[in-house]
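In the working numbering, each residue's number is its place in the sequence shown (first place is 1) plus 380.
Read the structure below first, then the notes.
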Amino acid sequence: MAMLGLLLKNEGAPQEAENWLRRAADTGNTAVMSDLAVLYKQTGRPEEAERWYRRAVAAHNVDAMHNLAILLQRTARESEAVNWYRMAAAHGHRDAMYNLAMVHVRAAEWEEAELWLRQGAGTGDTGAMEKLAQVLEQRGRHDEAASWFRRARSRPPWR
Numbered sequence: 381m382a383m384l385g386l387l388l389k390n391e392g393a394p395q396e397a398e399n400w401l402r403r404a405a406d407t408g409n410t411a412v413m414s415d416l417a418v419l420y421k422q423t424g425r426p427e428e429a430e431r432w433y434r435r436a437v438a439a440h441n442v443d444a445m446h447n448l449a450i451l452l453q454r455t456a457r458e459s460e461a462v463n464w465y466r467m468a469a470a471h472g473h474r475d476a477m478y479n480l481a482m483v484h485v486r487a488a489e490w491e492e493a494e495l496w497l498r499q500g501a502g503t504g505d506t507g508a509m510e511k512l513a514q515v516l517e518q519r520g521r522h523d524e525a526a527s528w529f530r531r532a533r534s535r536p537p538w539r
C-alpha cells in the first residue's frame, strides 16, 4: 500500500496516492504517516499535514519531529518549532541540529548556535562545519574558524 501510494504521488496522482498512503498509515507505520503528511503539505493542506506529523511523532518518529518543526516554523509558531527541533536534535537528527542552530543564529544567540553547529559538524555535516566557521570568524576566533573551513572543504558535501 505504501509503495503504491508513493509511486502514485511521484506520478502526479495525489488523490489516489492519498488513498493508499492513508490506508498504509492507518496500520501504524510511522514512516508512511510522515509521507502522508508530506503529501498534505505539498497539496496545500497544512492542518492535515500537522495532524499526521503529530501522529508519527507520538510514535517516536524522529524525522516527523523535524518535519513538524519546519511546518510550525513556516506557520509562525517559532517557539513550538524550536521545541521540536530540539527534541529531534537530541535524538541525533542532523538537519534538526542545523535548523536549531540557525534559529539561534538569527536571534544572535551565539553560544547556543555554536553548541548545535558543533554537534552537527561532529556528525560530518559540511554545512554545519561551514556555518560554524562563519560564526567563529564573526566572533573573532579566526584560527578555529580557519580550521573548520578546512575541514568542511576537505569532505564531500553532505548537504
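Quick reminder that beta carbons are idealized off the backbone N, C-alpha and C, glycines included.
Note that this is a predicted model, so its numbers are computed, not measured.
If the five residues before and after Arg403 are omitted, its C-beta is found closer than 6 Å to the C-beta atoms of Met381, all from its own chain and listed in chain order.
Counting of Cβ neighbours within 10 angstroms places Gln453 among the buried residues, the total reaching 16 or more.
With respect to Glu510, Ala532 sits close: the two C-beta atoms are nearer than 8 Å. Going by beta carbons, Tyr478 and Ala439 fall outside the 8 Å limit. Around the beta carbon of Leu451, 16 or more other beta carbons lie within 10 angstroms, which makes this residue buried. When the five nearest sequence neighbours on each side are left out, the beta carbons in the same chain lying within less than 6 Å of the beta carbon of Tyr465 are those of Ala449, Ala476, Asn479, Leu480, in order along the chain. If you compare the alpha carbons of Thr407, Leu495, Leu419 with that of Ala393, the shortest gap goes to Leu419.
The three-state secondary structure of Glu391, taken from DSSP, is coil.
DSSP places Ala488 in the coil class of the three-state scheme, outside both helix and strand. The distance from the Cβ of Ala444 to that of Ser414 is about 4 Å, consistent with a contact at the 8 Å cut-off.
As for any alpha helix (DSSP H) of minimum length 4 sitting wholly inside the segment 423-474, the runs are 426-438, 442-454, 458-470, ordered along the chain.
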